[in-house]
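For what it's worth, my numbering labels the leading residue of the sequence shown as 25, then goes sequentially.
We put the beta carbon where it would ideally sit given N, CA and C, even for glycine.
The model shown is predicted, which means the values in this text are computed figures rather than measured ones.
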Amino acid sequence: MTKLARAEILFCLLIALSVGSLGAIAEPQDKPIDQAAGPEAAKDKDSSDPDKENMGANAGATAEEPEKDEERTGANAAINTETEDPKPAAASSAKPANELSIATWGGAYAESQKIAYFDPFTKETGVKIMQATHGGGLDMLRARLKSEETPWDVIDLSLQTVDQACELGLLEQIDHDGLKDAPDGTSAKIDFLPDGLRKCGVASVAWAVAIVYDKRKFTKSKPKSARDLFNLKRFPGNRSMRRGPKLNLELALLADGVPPSEVYNELETEDGVDRALKTLEKLRDNIVWWDRGDEPLQNIIEGKATMATAYNGRIFSTIAGKQQPLGIIWDGQIYDIDLWAIPKNARNKERALEFVSFATQTDRLAHQTKWFPYGPMRKSAVQQIGEHAEAGLKMAPYIPTVPENFENALRVNEAWWAKHRERIKAKFDIWLAGPQLEESDASAAGAERDSAEKASEDTKR
């Protein structure tokens, strides 16, 4: 069997594993984009799998995109400002120093973590890793802390959940001075990319939603920017896009020339929302909505669309595993971050800190890219990205945090969406329903669609 054939089988196995394991990002399972999710291919929004069903017609359909928190877990919109004391029943019993319980998103993503972090840590320290899977979100973490089940020592969480849980006192604060320097001596505080170091978390990877296109449809002039997604004259054909305002409004503003740093400030205003909807209006009759992470790629393969927005993990598996002639546009990518955190009731806190430091070393982060296309959150690790371990493909073109891919990137602001979701959704539903409907009709249609979406499961990674 050839090396490439083995690689294709591996991809298929990994995807098969991930589709059933994540659940609402998540990028593979898709990470939830509406929640604060974790790896998307294994995490896609598919973090809940954006493997939802219900593709959706263009006209008259209203809907809110599956919330990242809803996709992966439950709604985590509001942050309670009171610090909680979990008081877990088992917290007082000491765990053997040679064992760590680590919870992550599952699927192909977790398999890559086992190879890059868990097994090497065990080999170096003798500490056995007990691996668990979670669905993400603040509600999940609260429930686990209060349960009588064996506590987790380390957990892989989205940035939003880390910040919320930290404010509530559910996570340990992490001293960043204990993290390993880069190989050239650069301190970790300088080496991590923006938002990589939080009070209660240390980032491992970034996953993204990027633009993908069918190379067979554009043989002469190829689309290169977010603006090209909205140029039907030069690049004709349907666009497959995630159902709902989140990501679409941000992308529309990026395509219209708004710098990433100003996107959410622009959306604070009614004029800004109108500006985004005006850009989306260019595509109104050419949008094929998707709800599950596998749908946009399948729509391109089946000829239902020529361009789409999709989780980068799924884009990679479709190109490398299914040998599909697709091109990636990183301009305007919208990404999120996964971080390691230590729950307050962890029984092996010293070993947990040791693991976090180990797993976020330059070489460990770079090694994960040999198996999974998420972006290392350290500059020095990005410099060490090489080829896929099985396929022999150069991985840099598929990694969100590679400098040339990261130039016009925007981190999705889940806290902002939690605050403004209802206002934005109401306006988006009216736009989506079309000018022929009155506002009351659009609201009713939106409510009906919301009910249908909540009844379906979404996987993201």
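Handout entry: Gly317 in three-state terms, based on DSSP
Key = Note: Gly317 maps to coil in three-state DSSP.
Exercise for the section: In the DSSP assignment, find the unbroken beta strand (DSSP E) run with Leu253 in it and report its ends. Expected result: Taken as a continuous stretch (DSSP letters only), Leu253 belongs to no beta strand (DSSP E), being part of the alpha helix (DSSP H) at Ala250 to Leu253.
Practice task
With a threshold of 16 other CB atoms inside 10 Å of the CB of Asn272, please say whether the residue is buried or exposed.
Solution key: Buried, because 16 or more other Cβ atoms sit within 10 Å of the Cβ of Asn272.
Problem - Ile409, buried or exposed, once every other Cβ within 10 Å from all chains shown has been counted against 16 - result: Buried is the call here.
Practice task
Spell out the partners DSSP gives Met265 in its beta bridges.
Solution key: Answer is Trp313.
Exercise for the section: Please work out which residues of its chain come closer than 7 angstroms, Cβ to Cβ, to Glu32, disregarding the five sequence neighbours upstream and downstream, and give them in chain order. Expected result: Reliability of the predicted coordinates at Glu32 is poor, the pLDDT of 47 falling under 50, and the value obtained from them is presented with this limitation in mind. Cβ within range, chain order: Gly345.
Handout entry: Close beta carbons around Lys152, own chain, < 7 angstroms, minus the five adjacent residues each side
Key = Closer than 7 angstroms at Cβ, skipping near neighbours: Asn122, Glu123 and Thr146.
Problem - beta strand (DSSP E) segment containing Ser228, residue limits - result: Its beta strand (DSSP E) spans residues Gly225 to Asp238.
Handout entry: Distance between Pro397 and Asp355 (C-alpha atoms, nearest Å)
Key = Each residue's Cα considered, the two are about 17 angstroms apart.
Practice task
Inspect the beta-carbon positions of Gln357 and Ala433 and report whether they are closer than 8 angstroms.
Solution key: It is a contact, given that the beta carbons lie within the stated cut-off.
Practice task
Report, in whole angstroms, the separation of the C-beta atoms of Lys204 and Gln385, which I expect to be a contact under 8 angstroms.
Solution key: That pair is a contact at about 5 angstroms.
Practice task
For the segment 296 to 316 and the segment 263 to 271, state whether three or more C-beta atom pairs, one from each stretch, are separated by less than 8 angstroms.
Solution key: Touching, yes.
Exercise for the section: Use the C-beta contact count for Asp238: other C-beta atoms within 10 angstroms, 16 or more gives buried, fewer gives exposed. Expected result: Buried: at least 16 other Cβ atoms inside 10 Å.
Problem - Which of helix, strand or coil DSSP assigns to Asp331 - result: Per the sequence shown, residue 331 should be read as Met rather than Asp. Strand, per DSSP.
Exercise for the section: Look at the alpha carbon of Ala115 and the alpha carbon of Ala329, and state the distance between them as a whole number of angstroms. Expected result: Caution is warranted here: a pLDDT of 36 is assigned to Ala115, below 50, making its placement in the model unreliable, and no coordinate value can be reported.
Practice task
Locate the beta strand (DSSP E) running through Asp339, then write down its first and last residues.
Solution key: The identity of residue 339 in the sequence shown is Ile, whereas the question assumes Asp. No beta strand (DSSP E) contains Ile339, which is instead part of the alpha helix (DSSP H) from Asn336 to Phe340.
Exercise for the section: Please go through the same chain and pick out, in chain order, the residues whose beta-carbon is closer than 6 angstroms to the beta-carbon of Pro284, but skip the five residues on each side of it. Expected result: The residues are Leu434.
Exercise for the section: Can you check DSSP and say which residues form a bridge with Trp364? Expected result: DSSP, once it has assigned bridges, lists Asp180 and Val226 as partnering Trp364.
Problem - Opening and closing residue of the alpha helix (DSSP H) in which Ser136 lies - result: Gly131 to Gln137 is the span of the alpha helix (DSSP H), which, as asked, contains Ser136.
Practice task
Take Trp16 and list the residues in its own chain whose beta-carbon comes closer than 7 angstroms to its own, dropping the five residues that flank it on each side.
Solution key: Because the chain spans 25 through 485 in this model, residue 16 falls outside it and cannot be assessed.
Exercise for the section: Inspect the CB distances between the segment 171 to 182 and the segment 368 to 376 and report whether three or more fall short of 8 angstroms. Expected result: Result yes; three or more Cβ-Cβ pairs closer than 8 angstroms.
Problem - Alpha-carbon spacing of Asp362 relative to Val380, whole angstroms - result: If I take the Cα positions, the gap works out to 13 angstroms.
Practice task
Could you tell me the boundaries of the alpha helix (DSSP H) in which Thr303 lies?
Solution key: Taken as a continuous stretch (DSSP letters only), the alpha helix (DSSP H) holding Thr303 covers Glu294 to Glu305.
Problem - Lys213, buried or exposed, once every other Cβ within 10 Å from all chains shown has been counted against 16 - result: Lys213 is exposed by the Cβ-count criterion.
Handout entry: Where the alpha helix (DSSP H) through Met164 begins and ends
Key = Its alpha helix (DSSP H) spans residues Leu162 to Lys170.
Problem - Cβ shell of Gly220 (< 6 angstroms), same chain only, five flanking positions each side left out - result: Closer than 6 angstroms at Cβ, skipping near neighbours: Ala227 and Met401.
Practice task
Just the C-alpha distance for Gln184 and Leu321, rounded to the nearest angstrom, thanks.
Solution key: Rounded to the nearest angstrom, the two C-alpha atoms are 28 angstroms apart.
Handout entry: Rounded separation between Glu294 and Ile352 - CA only
Key = Cα to Cα, the separation comes out at about 32 angstroms.
Exercise for the section: Have a look at Ala83 and Trp455 and give me their C-alpha separation to the nearest angstrom. Expected result: Here Ala83 scores only 33 on pLDDT, less than 50, and its place in the model should not be relied on; the value that follows carries that caveat. Looking at the two C-alpha atoms, the distance is approximately 10 angstroms.
Practice task
State the start and end residues of the unbroken alpha helix (DSSP H) segment that holds Ala405.
Solution key: Note, Ala405: alpha helix (DSSP H), Lys403 to Gln407.
Exercise for the section: Name the two residues that bound the continuous alpha helix (DSSP H) containing Glu123. Expected result: Segment Glu123 to Thr128 is the beta strand (DSSP E) holding Glu123; no alpha helix (DSSP H) there.
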